[in-house]
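> Would you mind keeping the following structure in view while I ask a few things?
Set out below in C-alpha coordinates:
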(Lines of atoms letter the chains of each structure in order from A; the text may use other names.)
(Lines give C-alpha, C1' and ligand atoms only; values in the text may rest on other atoms or scores of the structure.)
Protein backbone atom coordinates (compact mmCIF):
# COMPACT_ATOMS: atom_id res chain seq x y z
CA UNK A 1 0.00 0.00 0.00
CA UNK A 2 2.82 2.39 0.93
CA UNK A 3 4.58 1.58 -2.36
CA UNK A 4 1.48 2.50 -4.35
CA UNK A 5 1.19 5.80 -2.46
CA UNK A 6 4.82 6.68 -3.20
CA UNK A 7 4.47 5.79 -6.88
CA UNK A 8 1.29 7.81 -7.19
CA UNK A 9 2.93 10.81 -5.53
CA UNK A 10 5.88 10.52 -7.88
CA UNK A 11 3.61 10.54 -10.90
CA UNK A 12 1.83 13.64 -9.66
CA UNK A 13 5.13 15.46 -9.04
CA UNK A 14 6.46 14.45 -12.46
CA UNK A 15 3.29 15.72 -14.10
CA UNK A 16 3.57 19.07 -12.32
CA UNK A 17 7.21 19.44 -13.36
CA UNK A 18 6.36 18.64 -16.97
CA UNK A 19 3.53 21.18 -16.99
CA UNK A 20 5.76 23.87 -15.47
CA UNK A 21 8.48 23.18 -18.05
CA UNK A 22 5.95 23.46 -20.87
CA UNK A 23 4.86 26.85 -19.55
CA UNK A 24 8.38 28.18 -19.07
CA UNK A 25 9.90 26.87 -22.34
CA UNK A 26 8.04 29.20 -24.76
CA UNK A 27 9.02 32.21 -22.66
CA UNK A 28 12.69 31.24 -22.76
CA UNK A 29 12.58 30.15 -26.40
CA UNK A 30 11.01 33.25 -27.88
CA UNK A 31 10.76 36.19 -25.53
CA UNK A 32 14.27 36.16 -24.08
CA UNK A 33 16.24 34.45 -26.84
CA UNK A 34 19.12 36.36 -28.43
CA UNK A 35 20.73 35.73 -31.81
CA UNK A 36 17.63 36.41 -33.91
CA UNK A 37 17.82 37.69 -37.47
CA UNK A 38 17.45 41.30 -36.33
CA UNK A 39 20.21 40.86 -33.73
CA UNK A 40 22.56 39.43 -36.35
CA UNK A 41 21.70 42.25 -38.76
CA UNK A 42 22.48 44.92 -36.17
CA UNK A 43 25.65 43.18 -35.04
CA UNK A 44 27.07 42.97 -38.58
CA UNK A 45 26.09 46.50 -39.66
CA UNK A 46 28.33 49.57 -39.61
CA UNK A 47 27.34 53.19 -40.16
CA UNK A 48 28.46 55.13 -43.23
CA UNK A 49 27.44 58.48 -44.64
CA UNK A 50 25.67 56.58 -47.43
CA UNK A 51 23.51 54.61 -45.01
CA UNK A 52 23.98 51.47 -42.88
CA UNK A 53 26.30 48.90 -44.43
CA UNK A 54 25.37 45.31 -43.52
CA UNK A 55 27.46 42.16 -43.65
CA UNK A 56 25.41 41.05 -46.67
CA UNK A 57 26.21 44.36 -48.40
CA UNK A 58 29.93 43.81 -47.87
CA UNK A 59 29.68 40.22 -49.09
CA UNK A 60 27.90 41.46 -52.22
CA UNK A 61 30.59 44.04 -53.00
CA UNK A 62 33.28 41.38 -52.61
CA UNK A 63 31.44 38.91 -54.86
CA UNK A 64 30.96 41.50 -57.60
CA UNK A 65 34.72 42.01 -57.61
CA UNK A 66 35.40 38.25 -57.58
CA UNK A 67 33.02 37.74 -60.49
CA UNK A 68 34.97 40.16 -62.64
CA UNK A 69 38.32 38.62 -61.71
CA UNK A 70 37.46 35.34 -63.42
CA UNK A 71 34.59 36.08 -65.81
CA UNK A 72 36.46 38.83 -67.65
CA UNK A 73 39.37 36.51 -68.59
CA UNK A 74 36.84 33.77 -69.36
CA UNK A 75 35.18 36.17 -71.79
CA UNK A 76 38.49 37.04 -73.40
CA UNK A 77 39.20 33.33 -73.81
CA UNK A 78 35.81 32.76 -75.43
CA UNK A 79 36.44 35.60 -77.88
CA UNK A 80 39.69 33.93 -78.96
CA UNK A 81 38.75 30.23 -78.80
CA UNK A 82 35.04 30.17 -79.58
CA UNK A 83 34.23 28.40 -82.82
CA UNK A 84 30.70 29.78 -83.11
CA UNK A 85 29.56 33.37 -83.45
CA UNK A 86 27.20 32.97 -80.50
CA UNK A 87 29.98 31.94 -78.11
CA UNK A 88 32.29 34.70 -79.30
CA UNK A 89 29.45 37.21 -78.87
CA UNK A 90 28.87 35.93 -75.33
CA UNK A 91 32.56 36.42 -74.64
CA UNK A 92 32.37 40.02 -75.87
CA UNK A 93 29.45 40.73 -73.53
CA UNK A 94 31.35 39.27 -70.58
CA UNK A 95 34.39 41.43 -71.29
CA UNK A 96 32.39 44.62 -71.77
CA UNK A 97 30.07 44.02 -68.84
CA UNK A 98 32.72 43.13 -66.29
CA UNK A 99 35.07 45.88 -67.43
CA UNK A 100 32.28 48.34 -66.59
CA UNK A 101 31.16 46.56 -63.42
CA UNK A 102 34.70 46.17 -62.07
CA UNK A 103 35.28 49.90 -62.40
CA UNK A 104 32.01 50.53 -60.55
CA UNK A 105 32.75 48.12 -57.70
CA UNK A 106 36.24 49.56 -57.18
CA UNK A 107 34.74 53.04 -56.98
CA UNK A 108 32.11 51.93 -54.46
CA UNK A 109 34.64 50.03 -52.34
CA UNK A 110 36.95 53.04 -52.21
CA UNK A 111 34.15 55.33 -51.01
CA UNK A 112 33.08 52.82 -48.38
CA UNK A 113 36.64 52.01 -47.27
CA UNK A 114 36.39 48.31 -48.17
CA UNK A 115 39.25 46.07 -49.24
CA UNK A 116 38.75 43.98 -52.37
CA UNK A 117 40.36 40.70 -53.43
CA UNK A 118 42.92 40.80 -56.22
CA UNK A 119 42.61 37.25 -57.52
CA UNK A 120 39.80 34.71 -58.07
CA UNK A 121 38.95 32.28 -55.30
CA UNK A 122 39.79 28.58 -55.48
CA UNK A 123 36.52 27.53 -57.13
CA UNK A 124 36.81 30.21 -59.79
CA UNK A 125 40.41 29.29 -60.56
CA UNK A 126 39.29 25.68 -60.96
CA UNK A 127 36.65 26.77 -63.49
CA UNK A 128 39.24 28.72 -65.49
CA UNK A 129 41.56 25.71 -65.46
CA UNK A 130 38.71 23.44 -66.61
CA UNK A 131 37.89 25.79 -69.48
CA UNK A 132 41.54 26.07 -70.53
CA UNK A 133 41.83 22.29 -70.74
CA UNK A 134 38.76 21.92 -73.00
CA UNK A 135 38.71 22.26 -76.80
CA UNK A 136 36.22 22.57 -79.64
CA UNK A 137 32.60 21.72 -78.94
CA UNK A 138 33.45 20.51 -75.44
CA UNK A 139 34.94 23.91 -74.64
CA UNK A 140 31.89 25.76 -75.88
CA UNK A 141 29.48 23.59 -73.87
CA UNK A 142 31.53 23.99 -70.71
CA UNK A 143 31.86 27.73 -71.25
CA UNK A 144 28.12 28.22 -71.66
CA UNK A 145 27.11 26.01 -68.73
CA UNK A 146 29.77 26.95 -66.18
CA UNK A 147 29.22 30.66 -66.78
CA UNK A 148 25.44 30.35 -66.84
CA UNK A 149 25.38 28.45 -63.55
CA UNK A 150 27.65 31.02 -61.89
CA UNK A 151 25.58 33.95 -63.16
CA UNK A 152 22.38 32.36 -61.87
CA UNK A 153 23.77 32.19 -58.35
CA UNK A 154 24.99 35.79 -58.44
CA UNK A 155 21.64 36.92 -59.86
CA UNK A 156 19.76 35.68 -56.77
CA UNK A 157 22.22 37.48 -54.47
CA UNK A 158 21.81 40.71 -56.43
CA UNK A 159 18.02 40.52 -56.02
CA UNK A 160 18.30 39.93 -52.28
CA UNK A 161 20.70 42.83 -51.77
CA UNK A 162 18.68 45.20 -53.96
CA UNK A 163 15.53 44.40 -51.98
CA UNK A 164 17.04 44.83 -48.52
CA UNK A 165 20.05 47.17 -48.55
CA UNK A 166 19.86 50.51 -46.74
CA UNK A 167 23.05 51.83 -48.32
CA UNK A 168 22.62 54.09 -51.35
CA UNK A 169 25.97 53.16 -52.95
CA UNK A 170 25.26 49.45 -52.64
CA UNK A 171 21.76 49.99 -54.03
CA UNK A 172 23.14 51.72 -57.14
CA UNK A 173 25.78 49.00 -57.58
CA UNK A 174 23.05 46.35 -57.32
CA UNK A 175 21.13 48.11 -60.11
CA UNK A 176 24.21 48.03 -62.36
CA UNK A 177 24.95 44.41 -61.44
CA UNK A 178 21.37 43.37 -62.13
CA UNK A 179 21.47 44.77 -65.66
CA UNK A 180 24.89 43.30 -66.39
CA UNK A 181 24.21 39.83 -65.00
CA UNK A 182 20.84 39.58 -66.74
CA UNK A 183 22.45 40.54 -70.05
CA UNK A 184 25.08 37.84 -69.57
CA UNK A 185 22.46 35.23 -68.68
CA UNK A 186 20.53 36.00 -71.85
CA UNK A 187 23.54 35.98 -74.16
CA UNK A 188 24.82 32.71 -72.67
CA UNK A 189 21.40 31.13 -73.19
CA UNK A 190 21.41 32.42 -76.76
CA UNK A 191 24.27 30.05 -77.55
CA UNK A 192 21.75 27.17 -77.43
CA UNK A 193 24.21 25.14 -75.32
CA UNK A 194 22.81 25.67 -71.82
CA UNK A 195 21.54 22.51 -70.11
CA UNK A 196 18.45 23.81 -68.31
CA UNK A 197 17.66 20.40 -66.79
CA UNK A 198 21.07 20.36 -65.12
CA UNK A 199 20.52 23.90 -63.82
CA UNK A 200 17.18 22.89 -62.33
CA UNK A 201 18.67 19.80 -60.66
CA UNK A 202 21.54 21.85 -59.28
CA UNK A 203 19.17 24.44 -57.83
CA UNK A 204 16.90 21.75 -56.36
CA UNK A 205 19.83 20.03 -54.69
CA UNK A 206 21.03 23.27 -53.09
CA UNK A 207 17.62 24.43 -51.83
CA UNK A 208 15.83 23.45 -48.62
CA UNK A 209 12.66 21.44 -49.29
CA UNK A 210 9.41 22.99 -48.05
CA UNK A 211 7.98 21.76 -44.75
CA UNK A 212 4.69 20.88 -46.43
CA UNK A 213 4.22 19.73 -49.98
CA UNK A 214 1.57 21.33 -52.14
CA UNK A 215 -0.75 18.87 -53.89
CA UNK A 216 -0.20 18.33 -57.58
CA UNK A 217 -2.48 20.36 -59.82
CA UNK A 218 -5.52 18.43 -61.11
CA UNK A 219 -5.46 16.96 -64.57
CA UNK A 220 -7.55 18.24 -67.50
CA UNK A 221 -11.27 18.30 -66.78
CA UNK A 222 -14.33 19.14 -68.84
CA UNK A 223 -15.27 22.78 -69.07
CA UNK A 224 -17.69 23.63 -66.24
CA UNK A 225 -21.25 24.60 -67.04
CA UNK A 226 -22.09 28.29 -66.79
CA UNK A 227 -23.34 29.34 -63.36
CA UNK A 228 -27.07 29.01 -62.79
CA UNK A 229 -28.74 32.04 -61.17
CA UNK A 230 -30.61 31.34 -57.95
CA UNK A 231 -33.69 33.12 -59.23
CA UNK A 232 -34.83 34.32 -62.67
CA UNK A 233 -33.23 37.56 -63.69
CA UNK A 234 -35.64 40.45 -63.25
CA UNK A 235 -36.76 42.27 -66.39
CA UNK A 236 -37.22 45.99 -66.57
CA UNK A 237 -39.30 47.84 -69.18
CA UNK A 238 -37.30 50.12 -71.42
CA UNK A 239 -38.12 53.82 -71.32
CA UNK A 240 -39.86 55.26 -74.39
CA UNK A 241 -37.61 56.53 -77.13
CA UNK A 242 -36.90 60.22 -76.95
CA UNK A 243 -38.69 62.20 -79.65
CA UNK A 244 -37.04 65.00 -81.53
CA UNK A 245 -38.12 68.44 -80.37
CA UNK A 246 -40.43 70.19 -82.77
CA UNK A 247 -38.80 73.04 -84.62
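In UniProt numbering, the protein residues as written are 1 to 247.
Beta carbons: idealized from backbone N, C-alpha and C, even for Gly.
Bear in mind that the values here come from a model prediction, so they are computed numbers and not experimental data.
1. According to DSSP, is residue 99 part of a helix, a strand, or is it coil?
2. Closest to residue 96 by CA distance: which of 184, 192, 189, 161 is it?
3. Using only alpha-carbon positions, find the residue among 55, 105, 132 that is nearest to residue 44.
4. Beta carbon of residue 75, beta carbon of residue 82: below 7 Å?
5. Closest to residue 190 by CA distance: which of 143, 205, 176, 118 is it?
6. Within this structure, are the beta carbons of residue 101 and residue 152 separated by less than 7 Å?
7. How would you call residue 167, buried or exposed, if buried means at least 16 neighbouring beta carbons within 10 angstroms?
8. Between residue 140 and residue 174, what straight-line distance do the alpha-carbon atoms span, to the nearest angstrom?
9. For chain D, check one thing: does any of its Cβ atoms lie closer than 7 Å to the Cβ of residue 183?
10. Compare the beta carbon distance of residue 187 and residue 155 with 7 Å and say whether it is the shorter of the two.
11. Name the two residues that bound the continuous alpha helix (DSSP H) containing residue 58.
12. Drop a sphere of 10 angstroms on the beta-carbon of residue 105, count the other beta-carbons inside from all chains shown, and report buried for 16 or more, exposed for fewer.
13. Suppose you measure from the CA of residue 118 to the CA of residue 88; what does that come to, to the nearest Å?
14. Can you tell which of 113, 86, 193 has the C-alpha that lies nearest to the C-alpha of residue 58?
15. What residue range is occupied by the uninterrupted alpha helix (DSSP H) comprising residue 145?
16. Can you tell me where the alpha helix (DSSP H) holding residue 51 begins and where it ends?
17. Would you say residue 110 and residue 61 are within 7 Å of each other, going by their C-beta atoms?
18. Out of curiosity, what's the CA-to-CA distance linking residue 131 and residue 178?
19. Bridge partners of residue 46, per DSSP?
20. So, helix, strand or coil for residue 85, using DSSP?
21. Give me the Cα-Cα distance between residue 150 and residue 165, rounded to the nearest whole angstrom.
22. Short of 6 Å in beta carbon distance, which residues of its chain neighbour residue 147, apart from the five on each side in sequence? Order them along the chain.
23. Between the beta-carbon of residue 145 and the beta-carbon of residue 202, is there less than 7 Å?
24. Locate the alpha helix (DSSP H) running through residue 189, then write down its first and last residues.
Quick answer:
1. Taking the chain shown and counting its residues from 1, the one referred to as residue 99 is at position 99. Looking at residue 99 - three-state DSSP - the assignment turns out to be helix.
2. As a first step, residue 96 must be located in the chain shown, where it is residue number 96. Residue 184 is the option with its Cα nearest to residue 96.
3. Start at 1 with the first residue of the chain shown, and residue 44 comes out as number 44. Ranking 55, 105, 132 by Cα distance to residue 44 puts 55 first.
4. Reading the chain shown from its first residue, position 75 is the one you call residue 75. Reading the chain shown from its first residue, position 82 is the one you call residue 82. Note that the C-beta distance between residue 75 and residue 82 is not below 7 Å.
5. Position 190 of the chain shown, counted from the start, is the residue given in the question as residue 190. Nearest Cα to residue 190 within the set 143, 205, 176, 118: 143.
6. In the chain shown, residue 101 corresponds to position 101, counting from 1. In the chain shown, residue 152 corresponds to position 152, counting from 1. Annotated as distal: residue 101 and residue 152, with beta-carbon spacing of 7 Å or more.
7. Working through the chain shown from its first residue, we reach residue 167 at position 167. Looking at its Cβ environment, which holds 16 or more other Cβ atoms inside 10 Å, residue 167 is buried.
8. Position 140 of the chain shown holds residue 140. Position 174 of the chain shown holds residue 174. Using only the alpha carbons, I get a separation of about 29 Å.
9. Absent from the structure: chain D. Only one protein chain is present.
10. For the purposes of this step, residue 187 is taken as residue 187 along the chain shown, with counting starting at 1. For the purposes of this step, residue 155 is taken as residue 155 along the chain shown, with counting starting at 1. Against a cut-off of 7 Å, the Cβ pair of residue 155 and residue 187 comes out as no contact.
11. Counting from 1 along the chain shown, the entry for residue 58 is found at position 58. Note, residue 58: alpha helix (DSSP H), 55-81.
12. Counting from one through the chain shown, the residue named residue 105 turns up at place 105. So residue 105 ends up on the buried side.
13. In the chain shown, counting from the first residue as 1, residue 118 sits at position 118. In the chain shown, counting from the first residue as 1, residue 88 sits at position 88. One alpha carbon belongs to residue 118, the other to residue 88, and they sit about 26 Å apart.
14. In the chain shown, counting from the first residue as 1, residue 58 sits at position 58. For the residues 113, 86, 193, the minimum Cα distance to residue 58 belongs to 113.
15. Taking the chain shown and counting its residues from 1, the one referred to as residue 145 is at position 145. Looking at the DSSP string, the run of the alpha helix (DSSP H) that includes residue 145 is 136-164.
16. As a first step, residue 51 is located in the chain shown; it is residue number 51 there, counting from the start. Here residue 51 belongs to no alpha helix (DSSP H), and DSSP marks it neither H nor E.
17. In the chain shown, the residue the question calls residue 110 occupies position 110. In the chain shown, the residue the question calls residue 61 occupies position 61. No, the Cβ-Cβ distance between residue 110 and residue 61 is not below 7 Å.
18. Translated into positions along the chain shown, residue 131 becomes position 131. Translated into positions along the chain shown, residue 178 becomes position 178. Using only the alpha carbons, I get a separation of about 25 Å.
19. In the chain shown, residue 46 corresponds to position 46, counting from 1. The partner list for residue 46 (beta bridge, DSSP) reads 53.
20. In the chain shown, counting from the first residue as 1, residue 85 sits at position 85. Residue 85 falls in the helix class under three-state DSSP.
21. The residue labelled residue 150 in the question sits at position 150 within the chain shown. The residue labelled residue 165 in the question sits at position 165 within the chain shown. Each residue's alpha carbon lies about 22 Å from the other.
22. Looking up residue 147 in the chain shown gives position 147. Cβ neighbours of residue 147 beyond the five flanking positions: 188.
23. Along the chain shown, read from residue 1 onward, the residue named residue 145 stands at position 145. Along the chain shown, read from residue 1 onward, the residue named residue 202 stands at position 202. Between residue 145 and residue 202, the C-beta gap is not smaller than 7 Å, which leaves the two residues out of contact.
24. Working through the chain shown from its first residue, we reach residue 189 at position 189. Residues 168-189.
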